[in-house]
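J.: Position one of the sequence shown corresponds to residue 2 (my numbering), numbered consecutively onward.
From the three backbone atoms N, C-alpha and C, an ideal C-beta is built for every residue, glycine too.
Take a look at this one; I'll ask things after.
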Amino acid sequence: MKRLSPAFRANKRFAELFWGHLSEPLLMSLRSLTSNYALSVARGEIIRLDGQWYVTHSGLLRLSSRRHCSGIHVEMVSNFCDPSHRRWTFKATVFRSGKGGSYVGYGDADPSNVSPLVHGAEMRIAETRAVCRALRKAYGIGICAVEELGSVAEPHQPDQESRKLPPRPVNGNYGGPKVRDRLCQLIRQHQLDASLVKSYATDFCGVTTLREATREQVETFVSHLADWAEKDRNALLCQLNSYPGHKEGTA
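Listed below in structure tokens is the structure:
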């Protein structure tokens, strides 16, 4: 860990230069991204948007190069494409070196789920999203790629019951042993898929199974999940939907 601390200090310094003071959960996530994947803020491999970390396409490509990725194959899924309406879907397959297996990701884009600034480039965006999702699956990246944002166009409207739920405590303390209850409440409140949340939690905490995580890690994750769900549920759904039931090529 001492060998990696200079890299983390550099990331922290640049991140605070770009985005100001970082909360403790953000610092913990940044430390994990630095130590596990050697991602760099200065090189634009991770960025902060709306209080969350996102990996970039260039960051994923550099990571795959460092991990000796043996190839990336991209193909159009013609059954889900409609050129007349600029709707495109691509499938990307990442091949890890040795016996690492293959990992598949899909990306879609149309004028409704991309920024008006890039209308006309939907084909390229769909291809990039597919590659990002396949790379994140291949190398276990637990945060969404910034290029994937906007894949869910319709904003979330909380129902009446959700608005009646009490607000979460600012300090992340959810009443001692009731962290699990708070997590279940968040899943119901924001209509999230529990199995996908569990997969994201294991990635976030850096463990194989959630039972291996410490109480502090779980509390940090719950605070992070609640904050993200309230600020940008669409981006959170994009993140959760990148976790399949199993990793293709390894099942």
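#1: Can you find the residues in the same chain that come closer than 6 angstroms, C-beta to C-beta, to Trp-89, ignoring five residues on each side of it along the sequence?
#2: Report yes or no: do three or more beta-carbon pairs, one from the region 51-59 and one from the region 137-151, lie closer than 8 angstroms?
#3: By how many angstroms is the C-alpha of Ser-224 removed from the C-alpha of Leu-193?
#4: Between the region 202-220 and the region 8-20, are three or more C-beta pairs nearer than 8 angstroms?
#5: Return helix, strand or coil for Ala-93, following the three-state DSSP convention.
#6: Which stretch, first to last residue, makes up the alpha helix (DSSP H) that contains Glu-128?
#7: Leaving out five residues on either side along the sequence, give the residues of the same chain with a beta carbon under 6 angstroms from the beta carbon of Arg-97.
#8: Using DSSP's beta-bridge definition, name the partner residues of Met-77.
#9: For Gly-72 and Val-95, I'd like the C-alpha separation in whole angstroms.
#10: According to DSSP, simplified to helix, strand and coil, what is Gly-60?
#11: Is Gln-240 helix, strand or coil by DSSP?
#12: Along the alpha helix (DSSP H) that carries Ile-188, what are the first and last residues, could you check?
T.: The short version:
#1: Closer than 6 angstroms at Cβ, skipping near neighbours: Cys-82, Ala-110, Glu-123, Met-124 and Ala-127.
#2: Here the region 51-59 makes contact with the region 137-151; the two share three or more CB pairs at distances below 8 angstroms.
#3: Each residue's CA atom was taken as its position, placing Leu-193 and Ser-224 some 15 angstroms apart.
#4: Not touching, per the Cβ criterion.
#5: Per DSSP, reduced to three states, the secondary structure at Ala-93 is strand.
#6: Counting along the chain, Glu-128 sits inside the alpha helix (DSSP H) bounded by residues 123-140.
#7: Same-chain partners within the cutoff: Ala-139.
#8: Answer is Phe-91.
#9: Each residue's alpha carbon lies about 6 angstroms from the other.
#10: DSSP places Gly-60 in the helix class (H, G or I) of the three-state scheme.
#11: Helix.
#12: It spans 180-190 - the alpha helix (DSSP H) in which Ile-188 sits, taken as one unbroken run.
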